[in-house]
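Novice:
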């Protein structure tokens, strides 16, 4: 009975561990590659509001996005989370 005890203490988790099955890697044929282009004169152009992956709430996949390291649509993969 936890009545009156309050919630458990917060524990920060660095990464997800798959306890019941192996982490499944994406197959090349399952990765969606869009035709985004990076314009060096406009750094915000890389996978911005006009990127089809952004519009469909899908992250670009590391190593497959035509914008390369300039891609702005890989927040989870690069662990770029907002400060709370």
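Numbering (full-length UniProt numbering), first residue to last: 1 to 84.
Built from N, CA and C at the ideal position, the CB exists for glycine as well.
Buried or exposed: which applies to residue 40, given that a residue is buried once 16 or more other Cβ atoms fall within 10 Å of its Cβ?
Specialist: Taking the first residue of the chain shown as position 1, residue 40 is located at position 40. Residue 40 is exposed by the Cβ-count criterion.
Novice: Run the proximity test for residue 68: is its beta-carbon closer than 8 angstroms to any non-hydrogen atom belonging to the ligand PLP?
Specialist: The ligand PLP is absent from the structure shown, which contains no ligands of any kind.
Novice: Is residue 39 helix, strand or coil when you go by DSSP?
Specialist: Here the question's residue 39 lines up with position 39 in the chain shown. Strand at residue 39.
Novice: Could I get the ranges of all uninterrupted beta strand (DSSP E) runs contained in the UniProt domain "AWS" (29-80), with 3 residues as the minimum, in chain order?
Specialist: none
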